[in-house]
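To start, the structure itself, in structure tokens.
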Amino acid sequence: MPGLPAGGLARGPAVSAQPPTVRWGPDLALEISDAAGAGLATLRFAVPGTPVAEWEPDDEEIALLRAEGLLSRVRMVREPGSVSVSLTVDNTSDAPVELPFLGFAVSVEPGWSGWTWGTELEGFVVVASTRGPGACVLVRLKRGFLRPVAQDTCFVAEASGSLLEPAPADRSAFLLSPPGALLGAHRRHEVLLEISIVDDLDAVAASLPPWLPETIAQVGDDITVALPDEAMVGGDGVSVSVVDTVSVVTLRSPGHRELVIHGPRGSRVLPLDAAPPLEDVVADLVGQLLTRRPQRLGEAAGFVVADALARRLAPDPERAFDWLDAVDWLDRDTLLGDATAGLAASLQGETLQVQATWNLLGRRAVTPGYGLVVMRLWLASLAASGTPPPEALALLSRPAADEASALELSLLGYRGADVATGGVQGLIALLGGTLPGRPIGLSASRAAVAASVLRLCPESWEVSALAALTAAKTERLLLADYAGCAEDGAAMVGLDGLAWLLMGHLD
9 MPGLPAGGLA
19 RGPAVSAQPP
29 TVRWGPDLAL
39 EISDAAGAGL
49 ATLRFAVPGT
59 PVAEWEPDDE
69 EIALLRAEGL
79 LSRVRMVREP
89 GSVSVSLTVD
99 NTSDAPVELP
109 FLGFAVSVEP
119 GWSGWTWGTE
129 LEGFVVVAST
139 RGPGACVLVR
149 LKRGFLRPVA
159 QDTCFVAEAS
169 GSLLEPAPAD
179 RSAFLLSPPG
189 ALLGAHRRHE
199 VLLEISIVDD
209 LDAVAASLPP
219 WLPETIAQVG
229 DDITVALPDE
239 AMVGGDGVSV
249 SVVDTVSVVT
259 LRSPGHRELV
269 IHGPRGSRVL
279 PLDAAPPLED
289 VVADLVGQLL
299 TRRPQRLGEA
309 AGFVVADALA
319 RRLAPDPERA
329 FDWLDAVDWL
339 DRDTLLGDAT
349 AGLAASLQGE
359 TLQVQATWNL
369 LGRRAVTPGY
379 GLVVMRLWLA
389 SLAASGTPPP
399 EALALLSRPA
409 ADEASALELS
419 LLGYRGADVA
429 TGGVQGLIAL
439 LGGTLPGRPI
449 GLSASRAAVA
459 ASVLRLCPES
469 WEVSALAALT
479 AAKTERLLLA
489 DYAGCAEDGA
499 AMVGLDGLAW
509 LLMGHLD
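The opening position of the sequence shown corresponds to residue 9 in this note's numbering, with each subsequent residue numbered one higher.
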């Protein structure tokens, strides 16, 4: 897996920033659109209190709300190159009060995707086009607090839709106030967000702090942080040592970890992602799957077991084959079911079952992942029999009804860069390029298919290096999501992302 240097994207002042077109809708919904009026994203703010009677909004003061002992304001200021949104909560009482919930949710329109990174005291949300290169909406924290509400995994477990089209309901919620914090008597909590249109993801990377190291790594890696005047405390699975003026942070356990940085501005929480080796995840998980009845598990679990057998990672191969044979995977009538049946049959030399799989694939609609399944079974049949299956080439030449599937087939067919480069750049944007952080509302299966497709990008293409780095980053985030899943037993469902990740490993 290639390294992911923190300097993979340019750093420096953001360039060519433009103010977005914005409109306030009902219930503090800020609608962001392009110059032509097409919707890009919506920020829906949650602010404590009820509207103050007889108060009227104007172009700058959007909302004035009152709760017991609290006065909340929402203001918007248009500036050259950006729009700023200020949210304040004032404690008007003589005693400290618990700071109420203050936050917002992001929803992106079809053809756009969201990505976020932050340390609670600095961070951003970016919305980028998944249809090719183009400008991005950058929402940057200038002052205050910003943290995603859900932080247990990077990817959601919902089934994926189109590879390039996020569902309109994709949404992620963010906190703008620290949970449980006290607001002193006659004190103010303020958040300032700057919203602008920037050229591309390189311009987004320019907003990253210059000290930021690589944060998406492999378990056991050392990360150096050069902040000599700030103290660092590692969370669970993270150790910190100091060498001269540099802190060396070691990721000792896989999964999503944290590093707390104490400095003059307060405490920042730096997210760290430690990916375990793919082989370890598969071997440990298969050991757990074989203790469960396959009839009660999804097709993704079946493919993970079949793939482990193909890679010689299954701890008990004979038991694993018996486990697979207990289910008619073709009868599941899904693409992953076809892949499981075909791979298991190829490994066992069952030519009739292999042919039945090819016949079924010939009748199945071409959807995202279809080309990957055909190619994986082509290679499995070739390895088992020594001859390429005649059906595979015809299946890879079938027409696709959507852009995502067409891109996948074009890369598998080695068509020219002029046909697929725009789609590849769209996938890079979908996965946030080499930016640190996590996606907004992206399913694990969709991310894994996208990463697998990016791996197909020919090395001769100009975009190939960035495609490879983006795919490697996504794989690490997926593996960090699955870290420890075999131990806690929660991974017996939701294995689609891992299955599609394995599907794309065609070597």
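The C-beta atom is built at its ideal place from N, Cα and C for all residues, glycine as well. Quick caveat, the model's predicted, so the values are computed rather than measured.
Put R384 into one of helix, strand or coil per three-state DSSP.
Counting from one through the sequence shown, the residue named residue 384 turns up at place 376. Looking at R384 - three-state DSSP - the assignment turns out to be helix.
Give the secondary structure of A507 by DSSP, where H, G and I count as helix, E and B as strand, and everything else as coil.
Residue numbering aside, residue 507 sits at position 499 when the sequence shown is read from its first letter. The answer is helix: DSSP assigns A507 an H, G or I state.
Can you tell me whether R446 is buried or exposed, with buried defined as 16 or more other CB within 10 angstroms of its CB?
For the purposes of this step, residue 446 is taken as the residue at position 438 of the sequence shown. It counts as buried.
By the three-class DSSP mapping on this structure, what secondary structure does E130 have?
Locating residue 130 in the sequence shown gives position 122, counting from the first residue. Coil.
In chain order, what residues of the same chain have a beta carbon less than 7 Å from the beta carbon of L514, not counting five sequence neighbours either side?
Translated into positions along the sequence shown, residue 514 becomes position 506. Excluding positions up to five away in sequence, the list reads M383, R384, L387.
Between the beta-carbon of L216 and the beta-carbon of V199, is there less than 7 Å?
Translated into the one-based positions of the sequence shown, residue 216 becomes position 208. Translated into the one-based positions of the sequence shown, residue 199 becomes position 191. No, the pair does not count as a contact, with Cβ atoms beyond the cut-off.
What span of residues does the beta strand (DSSP E) with T258 cover, start to end?
Numbered from 1 along the sequence shown, position 250 holds the residue referred to as residue 258. From DSSP, the beta strand (DSSP E) with T258 extends over 254-259.
Relative to the C-alpha of G242, which candidate in V432, A211, I269 has its C-alpha closest?
Here residue 242 refers to the residue found at position 234 of the sequence shown. The option with the nearest alpha carbon to G242 is I269.
In chain order, what residues of the same chain lie with their CB nearer than 6 Å to the CB of G441, ignoring the 5 residues before and after it?
In the sequence shown, the residue the question calls residue 441 occupies position 433. Around G441: L209, T478.
Let me know the secondary structure DSSP gives G430 once reduced to three states.
Translated into positions along the sequence shown, residue 430 becomes position 422. Three-state result, G430: helix.
Let me confirm a value: Y422 is counted as buried when at least 16 other C-beta atoms fall within 10 Å, else exposed. Which label applies?
The residue given as residue 422 occupies position 414 in the sequence shown. It is exposed - the Cβ of Y422 has fewer than 16 other Cβ atoms within 10 Å.
Are the beta-carbon atoms of P88 and P56 separated by less than 7 Å?
Residue numbering aside, residue 88 sits at position 80 when the sequence shown is read from its first letter. Residue numbering aside, residue 56 sits at position 48 when the sequence shown is read from its first letter. Not closer than 7 Å, so no.
Cα-Cα, which of H194, L110, R139 is closest to L154?
On the sequence shown, position 146 is the one that residue 154 refers to. If we check each option's Cα against that of L154, L110 comes out closest.
Measure the CB-CB distance between L506 and V312 and report whether it falls below 7 Å.
Here residue 506 refers to the residue found at position 498 when the sequence shown is read from its first residue. Here residue 312 refers to the residue found at position 304 when the sequence shown is read from its first residue. Yes, they are a contact pair.
Give every residue of the same chain whose Cβ lies closer than 7 Å to the Cβ of S389, excluding the five residues on either side of it in the sequence, and list them in chain order.
For the purposes of this step, residue 389 is taken as residue 381 along the sequence shown, with counting starting at 1. The residues are S354, V362, P397.
Between L235 and the rest of its own chain, which residues show a CB-CB distance below 8 Å, the 5 nearest in sequence each way excluded?
Residue mapping note: residue 235 aligns to position 227 of the sequence shown, counting from 1. Counting only Cβ-Cβ distances below 8 Å, and skipping sequence neighbours, we find W219, S255, I269, G271.
For T29, which residues in the same chain have their Cβ closer than 8 Å to its Cβ, ignoring the five residues on either side in sequence?
Taking the sequence shown and counting its residues from 1, the one referred to as residue 29 is at position 21. Here the set comprises I40, S41, D42, A43, G45.
Sort S247, P104, P186, I203 by Cα distance to A49 and report the nearest one.
Numbered from 1 along the sequence shown, position 41 holds the residue referred to as residue 49. Measuring from the Cα of A49, the nearest candidate turns out to be I203.
How about L201 and V147: are their beta carbons less than 7 Å apart?
One-based indexing of the sequence shown puts residue 201 at position 193. One-based indexing of the sequence shown puts residue 147 at position 139. Yes, these two residues count as a Cβ contact at 7 Å.
Which of the three DSSP states is assigned to G370 in this structure?
As a working note, residue 370 is residue 362 in the sequence shown. Helix, per DSSP.
Measure the beta-carbon distance from G274 to R260 and round it to whole angstroms, keeping in mind my assumption that it falls under 8 Å.
Working through the sequence shown from its first residue, we reach residue 274 at position 266. Working through the sequence shown from its first residue, we reach residue 260 at position 252. No, G274 and R260 are not in contact; Cβ-Cβ is about 26 Å, not under 8 Å.
So for S168, helix, strand or coil by DSSP?
In the sequence shown, counting from the first residue as 1, residue 168 sits at position 160. At S168 the pLDDT is 41, less than 50, meaning the model places this residue with poor confidence; the figure from the coordinates comes in the next sentence. Coil.
Using only the alpha-carbon positions, how far apart do V97 and T482 sit?
Mapped onto the sequence shown, residue 97 falls at position 89. Mapped onto the sequence shown, residue 482 falls at position 474. Distance between the alpha carbons of V97 and T482 is about 38 Å.
Taking a contact to mean a Cβ-Cβ separation below 7 Å, would you say I224 touches R484 in this structure?
Here residue 224 refers to the residue found at position 216 of the sequence shown. Here residue 484 refers to the residue found at position 476 of the sequence shown. Yes, the pair counts as a contact, with Cβ atoms nearer than the cut-off.
Mind checking A437: buried by the 16 CB within 10 Å criterion, or exposed?
Taking the first residue of the sequence shown as 1, we reach residue 437 at position 429. Buried, by the Cβ-count rule.
Measuring alpha carbon to alpha carbon, tell me which residue in R52, D67, L72, E128 is nearest A61.
For the purposes of this step, residue 61 is taken as the residue at position 53 of the sequence shown. A61 has its Cα closest to that of L72, out of R52, D67, L72, E128.
Helix, strand or coil for V135, going by three-state DSSP, please let me know.
On the sequence shown, residue 135 is found 127 positions in, with the first residue counted as 1. Three-state result, V135: strand.
Any idea what DSSP makes of T359, helix, strand or coil?
Locating residue 359 in the sequence shown gives position 351, counting from the first residue. Residue state, collapsed to three classes: helix.
Among residues of its own chain, excluding the 5 on either side of W508, which ones have a beta-carbon nearer than 7 Å to its beta-carbon?
Residue 508 sits at position 500 when you count from the first residue of the sequence shown. Within the same chain, W508 has close Cβ partners G377, S453, A456, V457, S460.
May I have the straight-line CA-CA distance separating P174 from V116, to the nearest angstrom?
Here residue 174 refers to the residue found at position 166 when the sequence shown is read from its first residue. Here residue 116 refers to the residue found at position 108 when the sequence shown is read from its first residue. Residue placement at P174 cannot be trusted, given a pLDDT of 47 that sits under 50; what the coordinates show is reported in the next sentence. For P174 and V116, the distance between alpha carbons rounds to 8 Å.
With a Cβ-Cβ cutoff of 7 Å, do A408 and V374 count as a contact?
Against the sequence shown, residue 408 aligns to sequence position 400. Against the sequence shown, residue 374 aligns to sequence position 366. Yes.
For T127, count the other beta carbons within 10 Å of its own beta carbon; 16 or more makes it buried, fewer makes it exposed. Which is it?
The sequence position of residue 127 within the sequence shown is 119, counting from 1. Buried, because 16 or more other Cβ atoms sit within 10 Å of the Cβ of T127.
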